[in-house]
Amino acid sequence: METTLTHDGEVWASEQLVLCRDEERGLRAVIAIDDTTLGPGLGGIRYRPYPNAAAAIFECRRLAAAMTLKNALAEVPFGGAKSVILDDGPVADRAALMHRFGDFVLRTGGAYLPGVDMGTRVGDLATIRAAGADVSCADDDPSPWTALGVAAAIVAAVEQVDRRSGVEGVSVLVQGAGHVGDSLARHLAARGAHVLVADVDGARAAALAEAVGGAVVAPEEALSTPCDVLAPCAVARVVNAHTVPRFACRIVAGAANDTLAERDDAERLAARGIVYVPDYVANAGGVVHIDAVRTPGGTARLGEQVLAIGDRVHELLVEAADEGVTATTVAERRAARILQAARASKREAVAA
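For the sequence shown, the numbering used here gives the first residue as 21, with consecutive numbering after it.
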């Protein structure tokens, strides 16, 4: 049964919404399975504080919808899903909490394939797998591949916008110095980019900036600091009606999921002459990696397949420029065609 959630005029639909609770272990969680047309819903587990359950549900369903687009455009055999565990404070036994969450994942009957996301790690997936649930990968961290794909996306965007080769001398502000942000900064510095780093953890930002020969930017100044490329790699929805007027970049392309607060924000960026690379296109390296490690012999061309994200970004930006629309419009249209074709194929198979 389809369910809908309306928030500020937006309606997000999911195939299935699962609310999970275990008071003894301190677990409150949400699983949103957005679409399984292309396969089981693949999406990470986000573990962070939320002001209330409604906010957690809202974010979970938005992220799940974005995973449907990401997986379709990356041409991997997965649908879209996501889960969030509400961080309500310290828990006595994290492993017990994750094992219990694994029980709820198991109840989806394979419709949800969890991965790592903000606040979770590969070890958590191993615990969930011990509960009997299938997981995307419990032995290998996909974040380096996510970073490599984002780097390829940034290079492609710079080359398309500036009609140049490479990113040497280009200033890139990496907002968020976590696992993906750290790897991304190193990839870009190795290609000659001038990297600026902003993070709420000042020591972490300073260490990364020193490692890549870059500079630290105060977190509160990240969006308004002049740079060629802004790469959001931390929290969601940093692009919104309030922040866009402050932007001092020419391109926005990063690893953070759900970068736009609302779809119109892509148009707001375009009105200011800022090119936006859809986050679900740029950060697809992780799902490409997951598909590769789950496929016998699939890792042989993994690097090549992740770098192909750059080619996909180039195609989107060229088509968007030719039609006078945003890359978001082009990406959504392509994903819709892929899903429609898959649904038609399923209907034909049933009718045969």
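Cβ atoms here follow ideal geometry from the backbone N, Cα and C, with glycine treated the same way.
- Straight-line measurement puts the Cα of residue 234 at about 22 Å from the Cα of residue 176.
- As a beta-bridge residue in DSSP terms, residue 36 pairs with 53.
- In the three-state reduction of the DSSP assignment, residue 103 falls in the strand class, which pools E and B.
- Annotation for residue 220: no alpha helix (DSSP H) segment contains it, and DSSP assigns it neither H nor E.
- Minimum Cα-Cα distance from residue 167 among the listed residues 275, 343 and 296 corresponds to 275.
- Residue pairing by DSSP puts residue 259 in a beta bridge opposite 280.
- A check of alpha carbon separations from residue 36 across 66, 65 and 100 identifies 100 as the nearest.
- About 6 Å separates the beta carbons of residue 193 and residue 242, which is inside the 8 Å limit, making them a contact pair.
- The alpha carbon of residue 269 has as its nearest neighbour, out of 312, 88 and 247, the alpha carbon of 247.
- Contact between the stretch 349-361 and the stretch 81-89 is present: 3 or more CB-CB pairs across the two stretches fall below 8 Å.
- By the C-beta density criterion, residue 303 is buried, having at least 16 other C-beta atoms within 10 angstroms.
- Under the DSSP assignment, residue 251 falls in the beta strand (DSSP E) whose first and last residues are 249-252.
- Under DSSP, residue 133 forms a beta bridge with 62.
- Under the three-state reduction of DSSP, residue 216 is assigned to strand.
- Per the Cβ contact rule, the stretch 71-80 is not in contact with the stretch 144-154 (fewer than 3 Cβ pairs under 8 Å).
- Counting along the chain, residue 163 sits inside the alpha helix (DSSP H) bounded by residues 163-182.
- Closest in alpha carbon position to residue 68, among 119, 40 and 137, is 137.
- Per DSSP, reduced to three states, the secondary structure at residue 236 is strand.
- As the crow flies, the alpha-carbon of residue 345 is around 51 Å from that of residue 44.
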